[in-house]
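Trainee:
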Amino acid sequence: MTFDPKTALGQCDTLMLDMDGTVLDLGYDNYMWLEHIPGLWAAQNGVSPDQARDQLMGKFYSMQGDIRWYDLDHWSEYLGVDVKEAHRKERHRIDYLPGAKAFLEDVRASELRVLLVSNSHQMTLDLKDE
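Here the sequence shown is numbered in our numbering, starting from 1 and rising by one per residue.
1) Could you check where the alpha helix (DSSP H) with arginine 113 kicks off and where it finishes?
2) From histidine 36 to alanine 86, what distance separates their C-alpha atoms?
3) Ends of the beta strand (DSSP E) at threonine 22?
4) Given leucine 56, which residues of its chain have a CB within under 7 angstroms of its CB, disregarding the five upstream and five downstream residues?
5) Check whether the stretch 111-130 and the stretch 62-73 touch, using three or more Cβ-Cβ pairs below 8 angstroms as the test.
6) State the Cα-Cα distance for the pair lysine 101 and arginine 108, rounded to the nearest angstrom.
7) If you measure between the beta carbons of leucine 115 and aspartate 25, is that distance less than 8 angstroms?
8) Would you call valine 117 buried or exposed, if buried means 16 or more other Cβ atoms sit within 10 Å of its Cβ?
9) Taking only three categories from DSSP, how would you classify leucine 97?
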């Protein structure tokens, strides 16, 4: 049996899409967590950005799968960095993946119910919703 996405989509009532990486480019999140926030932490702690990344990546990876991974308040407290403000200042980096906005507009014009799913913190969800 061959899977045809267009046929399958036509047989659906509801389409659920993961927002980050499916609709929105992960470039924003990657920049924030791999460069910007470690850079802020580095400046605050007198270490190089590379040293900061090396020190923080282990903590970041150890938290994956834990609900606190998505909690900006947790990271602000743990890092001593205003993570929410850092996200606000860099929100201009949030962008759709190529073709995603047009796809969403096409789907919106149909009778298909579309749900964007995310495990983002409410604050980043609000920024991305803008």
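Where is the CB? At the ideal position from N, CA and C, for every residue including glycine. Small disclaimer: the values here were computed from a predicted structure and weren't measured.
Mentor: Per the coordinate set shown:
1) Looking at the DSSP string, arginine 113 is not in any alpha helix (DSSP H); the run it does join, the beta strand (DSSP E), is 113-117.
2) It is roughly 8 angstroms from the alpha-carbon of histidine 36 to the alpha-carbon of alanine 86.
3) Neither: threonine 22 is in no beta strand (DSSP E) and is coded neither H nor E.
4) Pro38, Trp41
5) yes
6) Near 10 angstroms, if we compare the C-alpha coordinates of arginine 108 and lysine 101.
7) Contact annotation: leucine 115 and aspartate 25 have beta-carbon atoms that are not nearer than 8 angstroms.
8) exposed
9) In this structure, leucine 97 counts as coil in the three-state DSSP scheme.
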